[in-house]
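*Asks:* Chains as they are written, first to last, in the numbering used here: chain A, -5 to 397; chain B, 2 to 268.
Glycine included, each C-beta is placed from N, C-alpha and C at the ideal position.
Note that this is a predicted model, so its numbers are computed, not measured.
Structure below; questions to follow.
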Amino acid sequence: MAPLILSRYTVVSALGKGLDETYRALRDRRSGLRPCDFEDVAIKTYIGRVEGLEDVPVGGGSRAKELAQFDCRNNRLALLGLQQDGFTSAALEARERYGTHRVAVILGSSTSGILETEHAYRHRDPATGALPTSYLTDYRYTHNMFSVAHFVRTYLGLKGPAMVISTACSSSAKAFATAARFIEAGFCDAAVVGGVDSLCQTILYGFASLELLARGPCRPCDEERDGLTLGESAGFALLEKSGGAGHAGAVALLGYGESCDGYHMSHPHPEGAGAIGAMQGALRRGGLQPRDIDYINLHGTATRANDSIEDNAVNSVFGPSTPCSSTKGWTGHTLGAAGITEAVIAALCLTRSFVPGTLNTTRVDSSLRSHVLLENQEQPVRRVLSNIFGFGGNNCSLILGTV
Amino acid sequence: MVLYVNGVGTLGPGLAGWAESRAVLASERPCGDAAPPEPSAGVLPANERRRSSDLVRWAVHVAQEAMQQADADAHEVASVFASCDGEMGILDRLCTALATPQRAISPTLFHHSVHNAASGYWGIATGSQQSSTVLSCYDSSFCAALLEAVAYAHLEERLVLLVAYDLPPPPPLYAARPLQGGFAAALVLARTPAPHSLAQLDLTLSNDRSGEATGMADARLEALRSGNPAARSLPLLAAIARRHAALVRLEYLEDQHLLVQVTPCRS
């Protein structure tokens, strides 16, 4: 494939708002994880919560009426993301340059604004069981799976193709693949890609029911790892053809690979067949060899099964020497937004010449054969492969590099 | 961009299977009794079928019908699943449980709640490891899926199974999203024609919305079309069923139209 430029990108997570705060936390090895203090959740675990979302409603200003209906935690997080690193002005410039109908909005989310529905179910009419009227009228703009793309295209005044991809954890990685196809097919000239997922009771109690939550901050690839830590994040990238947007050193999407395990809803394929297919697909599409990859950002959730199966898959494609690490110890697993979050981290590796180690991990599981980094390294990085695997056995690998 | 339809599956009130739907949609006979049909989804192993949600069975059922008709091997076919609202029945049970003091939810219920449950089950049932995209675009979910399918078929040079499916949610959520009927449709789409191709589709995304979106002449079918996002596929299915050339105009959000020129492949 021809490289597609990420002409602007940003992320908000438990590490902070925007590229600089994210980079500083990575560089200083400061985790965003904290003991769970989300709502009244009574689970002994850690979370990666974004500060202050409770206090910044969507709406206000001259477009209050139009935007207020979208107000929910998920869209607040989206808005916070749109406001970082000049992303909104870059998107508006693209709108001017290409036309309102020529910029797509393709985002990923796994749970959208389900928190609103959770709240509504606590306030049902005792006599009829009906949900509150305000919830009913806002459902389309808050919980419906399309809500976050609806909000973003409304906020940015875009009228091009749009959708929300919801393939659990791989959602926002797959948004890159679909956007690349849409640009190549001529449905649009540029795309706002990314994803947003926010904390809710469903995922906290859901992962607790699967016994997949770590008690402390997650420790990917550690001998003693005991599960994942949930987080929330929003990230966006403006994806364009290299023509006008590419300058020397610009970050580009070089390849993507998508696959399924065809095995189980919540357990990865034991030999990592789908994961191998995704990585090989990304290399093939980028016209690259395994040796061309300088660093692999692992899915690395810190569950027993994921890390050992992913290790096996990475080892079978790359062998034991390509440096790899998981950044989940910083951000937590932000589910449908993990793809964009880790794509932005990959972009930081490329532009700031460093590779993050694996935070919180003290001793790498001796059964793992890949080259798992624990400490950060300062080094030039030309190409990063990022793995994202999800429930339902849905996998996506992205390759980002500089042009 | 051009696509060929190699197989169709349908399930809806009076539209159980393509043979019945084809006759109804080609106006050879009126839409029958509107009692909702039961999906068999026989490709699912018995255990998985018992555990799966209604919505999963609806989606898998039509996928299976279309794939059989296309005589396609699932291991070679990528998929695009489109549902506007996803697993509302499961979400109702989850949110009900989360509103109790114990908040005990079952792991099965949780992993069935994801928007890609049907895609996951399709993969489990067939063992296919091809890409599967699962999306929502509110009432335009079918249209968005058609765009993803045509782009995928052309650029990845692979057959694509498109499945659109939406069921009315249970009572408290029904007031938030009063979907009609219950409808699922599947298409097996190819970049190049096959001897058994039913129709050629030529797709154009247009900013010109001056023409009216294609509707259904029959009042019952029109109510289904406008009341269920998956049934927004009905005008296209009807054009395929009629076996003569037609231009179908599908609304893509409030901003664009997807024009589909349908040409039959055999008489």
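Pull the bridge partners of K38(A) from the DSSP assignment, please.
*Replies:* Residue mapping note: residue 38(A) aligns to position 44 of the first sequence, counting from 1. None, per the DSSP bridge assignment.
*Asks:* So, for S84(B): in the same chain, excluding its five sequence neighbours on each side, which residues have a beta-carbon less than 6 Å away from its beta-carbon?
*Replies:* On the second sequence, position 83 is the one that residue 84(B) refers to. Contacts found: Y166, D167.
*Asks:* For a contact defined as C-beta to C-beta under 7 Å, what are the partners of R51(B) on chain A?
*Replies:* The residue labelled residue 51(B) in the question sits at position 50 within the second sequence. Simply none; closest approach about 14 Å.
*Asks:* With 8 Å as the threshold, decide whether the Cβ of F111(B) is near any Cβ in chain A.
*Replies:* Indexing the second sequence from 1 puts residue 111(B) at position 110. True, the Cβ-Cβ gap to chain A drops below 8 Å.
*Asks:* With 16 as the cutoff for other CB atoms within 10 Å, does N68(A) come out buried or exposed?
*Replies:* As a position in the first sequence, residue 68(A) is number 74, starting the count at 1. Label assigned to N68(A): buried.
*Asks:* May I ask you to report which of helix, strand or coil DSSP gives F184(B)?
*Replies:* Mapped onto the second sequence, residue 184(B) falls at position 183. Strand.
*Asks:* Would you mind sorting N48(B) into buried or exposed? The rule is 16 or more other CB atoms within 10 Å of its CB.
*Replies:* For the purposes of this step, residue 48(B) is identified with residue 47 of the second sequence, where counting begins at 1. When all chains shown are included, N48(B) counts as exposed.
*Asks:* Quick check on the burial criterion: 16 or more other C-beta atoms within 10 angstroms. Buried or exposed for H258(B)?
*Replies:* Translated into positions along the second sequence, residue 258(B) becomes position 257. Answer is buried; the Cβ neighbour count reaches 16.
*Asks:* Would you mind sorting T161(A) into buried or exposed? The rule is 16 or more other CB atoms within 10 Å of its CB.
*Replies:* Taking the first residue of the first sequence as position 1, residue 161(A) is located at position 167. Buried.
*Asks:* Just the C-alpha distance for C401(A) and R2(A), rounded to the nearest angstrom, thanks.
*Replies:* Chain A is shown from -5 up to 397; residue 401(A) falls before or after that span and cannot be answered.
*Asks:* Counting along the chain, where does the beta strand (DSSP E) carrying R2(A) start and finish?
*Replies:* Here residue 2(A) refers to the residue found at position 8 when the first sequence is read from its first residue. Note, R2(A): beta strand (DSSP E), -2 to 7.
*Asks:* Do C96(B) and L222(B) come within 8 Å of each other at the CB atom, strictly closer than that value?
*Replies:* On the second sequence, position 221 is the one that residue 222(B) refers to. On the second sequence, position 95 is the one that residue 96(B) refers to. The answer is no: Cβ separation not under 8 Å.
*Asks:* Interface residues of chain A around M2(B) at Cβ under 8 Å?
*Replies:* Against the second sequence, residue 2(B) aligns to sequence position 1. Near M2(B) (Cβ distances below 8 Å), the residues of chain A are A179.
*Asks:* Give, in chain order, every residue of the stretch 207 to 218 of chain B whose Cβ lies closer than 7 Å to some Cβ of chain A.
*Replies:* Against chain A - using a Cβ distance shorter than 7 Å - the residues of the stretch 207 to 218 of chain B are N208.
*Asks:* To the nearest angstrom, how far is the alpha carbon of T345(A) from that of G243(A)?
*Replies:* By one-based count along the first sequence, residue 345(A) stands at place 351. By one-based count along the first sequence, residue 243(A) stands at place 249. Looking at the two C-alpha atoms, the distance is approximately 8 Å.
*Asks:* What does a CB cutoff of less than 8 Å around T148(A) pick up in its chain, not counting 5 residues either side in sequence?
*Replies:* Counted from its first residue, the first sequence places residue 148(A) at position 154. E60, L61, F64, listed in sequence order.
*Asks:* Along the chain, where does the beta strand (DSSP E) that runs through K235(A) open and close?
*Replies:* Locating residue 235(A) in the first sequence gives position 241, where the first residue counts as 1. Looking at the DSSP string, the run of the beta strand (DSSP E) that includes K235(A) is 227 to 235.
*Asks:* Quick one: which chain A residues come within Cβ less than 9 Å of Q257(B)?
*Replies:* Here residue 257(B) refers to the residue found at position 256 when the second sequence is read from its first residue. Here the neighbours are H95, K153, G154, P155.
*Asks:* Please report the distance separating the alpha-carbon of P317(A) from that of P262(A).
*Replies:* Numbered from 1 along the first sequence, position 323 holds the residue referred to as residue 317(A). Numbered from 1 along the first sequence, position 268 holds the residue referred to as residue 262(A). Each residue's Cα considered, the two are about 23 Å apart.
*Asks:* Let me check one thing: in DSSP terms, what residues is M2(B) bridge-paired to?
*Replies:* Here residue 2(B) refers to the residue found at position 1 when the second sequence is read from its first residue. Per DSSP, none; premise fails for M2(B).
*Asks:* Bridge partners for F82(B) per DSSP, in chain order?
*Replies:* For the purposes of this step, residue 82(B) is taken as residue 81 along the second sequence, with counting starting at 1. In the DSSP output, where bridge partners are listed per residue, F82(B) has V135(B), V164(B).
*Asks:* List, in chain order, every chain A residue whose beta-carbon is nearer than 7 Å to that of T97(B).
*Replies:* By one-based count along the second sequence, residue 97(B) stands at place 96. Y115, listed in chain order.
*Asks:* So, are the CB atoms of L198(A) and V35(A) less than 8 Å apart?
*Replies:* What you label residue 198(A) is simply residue 204 of the first sequence in a count that begins at 1. What you label residue 35(A) is simply residue 41 of the first sequence in a count that begins at 1. Taking 8 Å as the Cβ cut-off, L198(A) and V35(A) qualify as a contacting pair.
*Asks:* Output needed for S80(B): all residues of its chain with C-beta closer than 8 Å, excluding positions within five of it in sequence on either side, in chain order.
*Replies:* On the second sequence, residue 80(B) is found 79 positions in, with the first residue counted as 1. Around S80(B): A64, S120, W123, S129, Q131, S132, S133, T134, V161, L162, L163, V164.
*Asks:* Roughly how many whole angstroms lie between the Cα atoms of H245(B) and D256(B)?
*Replies:* On the second sequence, residue 245(B) is found 244 positions in, with the first residue counted as 1. On the second sequence, residue 256(B) is found 255 positions in, with the first residue counted as 1. C-alpha separation (whole angstroms): 29 Å.
*Asks:* Would L0(A) pass as a contact of A231(A) if the rule is Cβ separation under 8 Å?
*Replies:* Reading the first sequence from its first residue, position 6 is the one you call residue 0(A). Reading the first sequence from its first residue, position 237 is the one you call residue 231(A). Going by C-beta atoms, L0(A) is nearer than 8 Å to A231(A).
*Asks:* Nearest by alpha-carbon distance to G154(A): which of A185(A), A171(A), D288(A) is it?
*Replies:* As a working mapping, residue 154(A) is identified with position 160 in the first sequence. Measuring from the Cα of G154(A), the nearest candidate turns out to be A185(A).
*Asks:* Counting Cβ pairs closer than 8 Å, one from the stretch 367 to 384 of chain A and one from the stretch 161 to 172 of chain A, do we hit at least three?
*Replies:* Output reads yes: the stretch 161 to 172 of chain A touches the stretch 367 to 384 of chain A.
*Asks:* Between A67(B) and G8(B), which are expected to be in contact by the criterion C-beta below 8 Å, what is the C-beta distance as a whole number of angstroms?
*Replies:* Residue 67(B) sits at position 66 when you count from the first residue of the second sequence. Residue 8(B) sits at position 7 when you count from the first residue of the second sequence. Yes, they are in contact, since the Cβ atoms of A67(B) and G8(B) sit about 4 Å apart, within 8 Å.
*Asks:* If contact is defined by three or more beta carbon pairs under 8 Å, each pair taking one atom from either stretch, is the stretch 229 to 245 of chain B in contact with the stretch 19 to 31 of chain B?
*Replies:* Result yes; three or more Cβ-Cβ pairs closer than 8 Å.
*Asks:* Below 7 Å on C-beta distance, what does Q130(B) contact in chain E?
*Replies:* The question asks about chain E, but that chain is absent: this structure's protein chains are A and B.
*Asks:* Check the Cβ-Cβ distances between H144(A) and every residue of chain B, and say whether any is below 8 Å.
*Replies:* Reading the first sequence from its first residue, position 150 is the one you call residue 144(A). Yes, H144(A) lies at the interface with chain B (some Cβ there is under 8 Å from its Cβ).
*Asks:* Counting only Cβ pairs nearer than 8 Å, list the residues of chain A close to D86(B).
*Replies:* Position 85 of the second sequence, counted from the start, is the residue given in the question as residue 86(B). Near D86(B) (Cβ distances below 8 Å), the residues of chain A are N138, M139.
*Asks:* Which residues in the same chain as A340(A) place their Cβ atom closer than 7 Å to its Cβ, once the five residues preceding and following it in sequence are excluded?
*Replies:* On the first sequence, position 346 is the one that residue 340(A) refers to. Within the same chain, A340(A) has close Cβ partners N291, V378, S380, L394.
*Asks:* Under 7 Å Cβ-Cβ, which residues of chain A neighbour P173(B)?
*Replies:* What you label residue 173(B) is simply residue 172 of the second sequence in a count that begins at 1. Those are R118, G123, A124, L125, listed as they occur along chain A.
*Asks:* At a CB distance below 9 Å, what residues from the stretch 145 to 171 of chain B approach chain A? Give them in sequence order.
*Replies:* Within the stretch 145 to 171 of chain B, the residues whose Cβ lies closer than 9 Å to some Cβ of chain A are A145, A146, L148, E149, V151, A152, Y153, H155, L156, E157, listed in chain order.
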